[in-house]
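One structure below.
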Amino acid sequence: MIPGRRWTLASLVAVAALGLAAPAAAEEAPKPQLTRAPRLVRFVNAPPPAALAARGQVDVILAIDVDPAGKVQAVAVVRSGGPEFDAAAVAAARQFVFEPGEAAGKPVPVRVTFRYRFRMAPASQPASRPASQPASAPAAGSQPASAGAGAAASQPAGTAPVAGRVLRKGDRVPFDGVSVIVDQGPQEAVTDEQGRFAFPAVPLGRHRLRLQGSSIVATYGVVEVKRGTRVEITLYVEQRERYETVVTGRRAVQEVAEQTLAIEEVRRIPGTQGDTLKAVQNLAGVARAPFGTGQLVVWGSAPGDTRTYVDGVYIPVLYHFAALRSTVSSEFVQSLSFMPGGYRVDHGRGLGGVIEVETRAPRTDGLHGFAQIDLLDGTIGLEGPLTRTLSFAAGVRRSWIDVFLPLFTTSDFQLSPVYYDYQARLRWRATPRDDVDVFVFGSDDVLKLVLKRPDPALSSAFDAHNYYHRGLVAWHHRFGPGASLTVTPAVGYDVPFQIGGTFGNTALALDVKSLTYSLRALLRWPLGRHVRLEAGLDFEGTRNPLAVTAPAAGQPREGEDPSSRGGFGGAFASDSFTLHVLSAAPFVAVPVTLLGQRLVIVPQLRYETFGFLGYRGTPDEFAHGYGALEPRLAVRYQVLKWLAPKASFGVYHQAPDYLAFSKYFGAPTIKPERALHYVAGADFQPTRTLSIEAQGFYKDQRDLIVHGESPADPVLVNAGRGRVYGFELMLRQQLHRNFFGWIAYTLSRAERRVYADSPWTRFQFDQPHILTMVGSYKLPRGYQVGLRFRLVSGNPYTPVVGSYFNANLGRYRALYGTAYSSRLDAFHQLDLRFDKTWTYNRWKLSVYLDIQNLYYAQPPEGLTYNYNYTQRAAITGLPILPVLGVRGDL
């Protein structure tokens, strides 16, 4: 779907109310969670040392670093079995070949803990075998330690077998790599990826079990072994209180300006009510939208210029009305990446940034569910396996904020939003090399706004209904180490704008519908040790029936003086037509890593094409096509372990919004807009858990759509220019000593020029200073408390310098000063969140209190005037808003 400008909805809401930052760090920084573990595809037998005959069995624990191509880069001994055994195991492990691990669908380096077992065996069998595998199915011929390798065929006298599982308390997630030790023997087993372990022969009687591992709190248990029985036991353990990903080592970073958040961190950020995707509003480079509407103003671009993708499929809106919730449930989110500019070549069609949401696969370790309820909405979800290769997940959410919100709004206006969203997913592991996902999701919002004034001519009512539905099928095939193909066709139906309103005696309507269809294909193929090919196709198409009744003079476009249009007091016009938009973009990127992966150079090229067809079958029919090359380049150099300079450049194009093609309100010949992004900065890693990202940026926007300068011009022309320049700083502390948080600061200037001979003016969303501070502290016994503070420059506005009485209309009209020459007072707000979690063996219960605007700040969101514009008053947003909720997880 073409990213239609959301200025229409945003400006109408504002008019009604007015009454008319990390790239992932190079080492041990937060990265996407490992979505596919490495799998051993080539095992090498080590010649057993002579001492094996005397010892019978020897284990050597190894740490193996596997690169994105599946090759072993380094091997270290974690637990020695003796010098001879260590040397033999290391030599063999260096020859292993793995199918690489993946995070968010991309090959990444992973450190694997591997138990290499030497044991005496019959002459027909090798004397050394891999005793455990790294979070994947054992390779052919291998045998996990917990399976009792080398056990006798018959049960020894006075013993019985013991087996079981190790699960995380609360949600029953299996723990792999946990050592289970029986006090007598001693005997030791290591859990597999399903958390299972087994002892073939444990002496009869009562035994103490000891569980230990890097990811769990040391735990003890008791097992009673009786003659003639097989003992099955489930052990529930606590995970260590830390937020971390399982991906370690150095990763080749392609994205220069990218911030990836750990899902565990952002769930409990104050002011987000546990909504993961709302964390984007707290990152560097994101301006605050007026009235908290959730519009994404990124690096000085218009709200509709930033695109959001879910599993590579574009969605028109990320947030429900007033940004109360995101339209995709956090329960389905695997990772969240925010790229404010200079983003990679597999995305385009937007002059702003990119938000990329990767959803997770359903759980396969049993049936799980949750239910959550608070003052905003209620949510339920269920997931688990259906068969050995098929699993599912489903969830739905419904709001009731329309019941409670009127209790907290001011007398200036009444806002009544209702929303719901849903998600349903099937994951089928068709073969060891193929995964197929079917994902259906959608969102629906209804908004009613009433603004009452003493003068009925100034009163207004506003209704809006927008929704989207998506269905996609994703096929992921792995050819071999580092080589894969992902194909994702999708279809959807959207109503991005369905608006009706009255302003005094004036009626307004806008109805836009979209049938969307898309196809994304991405091939990754290693061309050598230091070069990789990434190529694909990004196709989107839409069919858009549009009906509109609006002022004939139109509303101000981006950067235009609001007094230049007739507003709602002039003549109205109507139009109805169907617009077809097709856009296909092949792309290629060739990441090159040099100097031991410290230097990464990524040349990229995308060819963006657009096709527009409208008024088909009428005398006004038009058909236009455009094509443009979009070269992009990213460079990053790890100078020191803690310092990495970086830079990027890119060209981007964006299709006009739907209304721009109207013969009454626009021009069928209108062309796409374009922008050039320049980014330069550096990543710093002062400590293992502290990262700092600093970068400057410049955006040169051209061919922006504005109204024609003279009556002889078309209604809309590509004459506007824009420029945005600034600096941003993101300081992030991972969880350390029970604290995590970040400070994000942006200093910028966003300006627009309507025509070549026009002066530069402030952009309507220009916010020179944006400061956000987030901190959260984990207390003992399941308590957690957090604060968020925001300080943002007020938005510019065009001042009213006088008025006159219009006898034809029977009302006063305003006289405006220089466009956007005044600025509202700064916005500031403090939010508090408190959590308490009770964890039981098979489920957990959480209670939270999220308070927005803790000290009841009332900064202005806009201005309203009396009937003759001689007096004005500030319109403020929501006052203090406490949200109390409870959640249960199985």
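Our numbering numbers the first residue of the sequence shown as 897 and each following residue consecutively. Glycine included, every Cβ here is placed at the ideal spot set by N, Cα and C. Please read all numbers here as calculations on a predicted model, not as lab measurements.
Margin query: Less than 6 Å between C-beta atoms, sequence neighbours within five positions excluded: which residues of the same chain meet that for R1528?
Written below: V1241, Q1500 and G1546
Note to self: Could you check whether F1557 and P1564 sit closer than 7 Å to each other, using their CB atoms as the reference points?
What the structure shows: In this structure, F1557 lies closer than 7 Å to P1564 by Cβ.
Margin query: Please return the same chain residues whose Cβ sits closer than 8 Å to the Cβ of E1134, not counting the five positions on each side in sequence.
Written below: R1064, K1065, I1112, V1113, T1115 and T1735
Check: Which residues share a DSSP beta bridge with A985?
Finding: A985 is not bridged to any residue.
Next item on the list: Sort G1277, V940, E1589 and G1682 by Cα distance to L1263 and report the nearest one.
Entry: G1277
Item checked: Unbroken stretches of the alpha helix (DSSP H), 4 residues or longer, contained in the region 1486–1532 -> none
Notebook entry, point to check: DSSP beta-bridge partners for W1371?
Noted result: Answer is V1332 and V1383, bridged to W1371.
Next item on the list: Look at the alpha carbon of A1218 and the alpha carbon of L1774, and state the distance between them as a whole number of angstroms.
Entry: If you take the alpha carbons of A1218 and L1774, they lie about 10 Å apart.
Item checked: Own chain, CB closer than 6 Å to D1331, minus 5 neighbours either side, in chain order -> R1325 and H1372
Item checked: Every unbroken beta strand (DSSP E) within the region 1216–1255, with a cutoff of 3 residues, ordered by chain -> Entirely contained in the region 1216–1255, the beta strand (DSSP E) runs reaching 3 residues are, in chain order, 1229–1235 and 1250–1255.
Next item on the list: Going by CA-CA distance only, name the one from T1275, A1267, R1293 and A1257 that's closest to P1281.
Entry: A1257
Next item on the list: Within the same chain, show all residues whose beta-carbon is closer than 7 Å to that of W1638, passing over the 5 residues directly before and after it, in chain order.
Entry: Closer than 7 Å at Cβ, skipping near neighbours: M1626, L1627, R1628, Q1629 and V1670.
Note to self: With a threshold of 6 Å on Cβ separation, who are the neighbours of F1010 within its own chain once the five nearest residues in sequence on each side are excluded?
What the structure shows: L958 and I960
Check: Roughly how many angstroms lie between the CA atoms of A1448 and P1610, to the nearest whole one?
Finding: 14 Å
Item checked: P1377, buried or exposed, once every other Cβ within 10 Å from all chains shown has been counted against 16 -> buried
Checklist line | Secondary structure of P1422, DSSP reduced to three states | finding: strand
Checklist line | Pairwise C-alpha distance: G1577 and A1469 | finding: 49 Å
Next item on the list: Mind checking which residues open and close the beta strand (DSSP E) that includes L948?
Entry: That residue, L948, is in no beta strand (DSSP E); its alpha helix (DSSP H) goes L948 to R951.
Next item on the list: Please classify D1457: does DSSP put it in a helix, a strand, or coil?
Entry: It is coil, neither helix nor strand.
Next item on the list: Using three-state DSSP, classify G1787 as helix, strand or coil.
Entry: As displayed, the chain neither begins before 897 nor continues past 1786, which places residue 1787 out of reach and without an answer.
Item checked: Between the CA atoms of Y1651 and E1605 - distance to the nearest angstrom -> 8 Å
Item checked: Host beta strand (DSSP E) of T1760 (start-end) -> P1756 to Y1761
Next item on the list: Report, in whole angstroms, the separation of the C-beta atoms of S1699 and N1764, which I expect to be a contact under 8 Å.
Entry: Right, their Cβ atoms sit about 6 Å apart.
Item checked: Boundaries of the beta strand (DSSP E) in which F939 is found, first to last residue -> Boundaries for F939: no beta strand (DSSP E) harbours it, and the DSSP string shows neither H nor E there.
Note to self: Tell me the rounded alpha-carbon separation between P1057 and L1741.
What the structure shows: 36 Å
Note to self: Suppose the cutoff is 6 Å on Cβ atoms and the five residues either side in sequence are ignored; what does the same chain contact list for R1684 look like?
What the structure shows: P1166, G1167, V1670 and D1727
Next item on the list: Could you check which residue in Q1230, Q1319, I1297 and I1269 has the C-alpha nearest to that of F1288?
Entry: Q1319
Notebook entry, point to check: Quick one: what's got a C-beta closer than 8 Å to R1512's C-beta in the same chain, skipping five residues either side?
Noted result: T1474 and H1476
Checklist line | Closest residue to Y1239 among V1224, R1203 and G1265 (Cα-Cα distance) | finding: Closest by alpha carbon: R1203.
Item checked: Nearest-angstrom Cα separation, counted from E1624 out to Q1591 -> 6 Å
Check: By Cβ distance below 6 Å, which residues in the same chain neighbour L1509 in space, the five residues on each side in sequence not counted?
Finding: H1476 and A1519
Note to self: Can you tell me whether R975 is buried or exposed? The criterion is at least 16 other CB atoms within 10 Å of its CB, across all chains shown.
What the structure shows: Exposed, by the Cβ-count rule.
Margin query: Distance check for G1781 and P1755, CA to CA, integer angstroms please.
Written below: If I take the Cα positions, the gap works out to 27 Å.
Next item on the list: Counting only the same chain and skipping the five closest in sequence on each side, list residues whose C-beta sits under 7 Å from that of V1779.
Entry: Sequence-distant partners of V1779 (beyond 5 residues in either direction) whose C-beta falls short of 7 Å from its own C-beta, in its chain, are Q1169, D1270, L1271, L1272 and D1746.
Check: Who are the Cβ neighbours of D1662 in its own chain at under 6 Å, not counting the five residues just before and after it?
Finding: A1646 and P1692
Notebook entry, point to check: Buried or exposed: where does Q1451 fall if 16 or more other Cβ atoms within 10 Å of its Cβ makes it buried?
Noted result: buried
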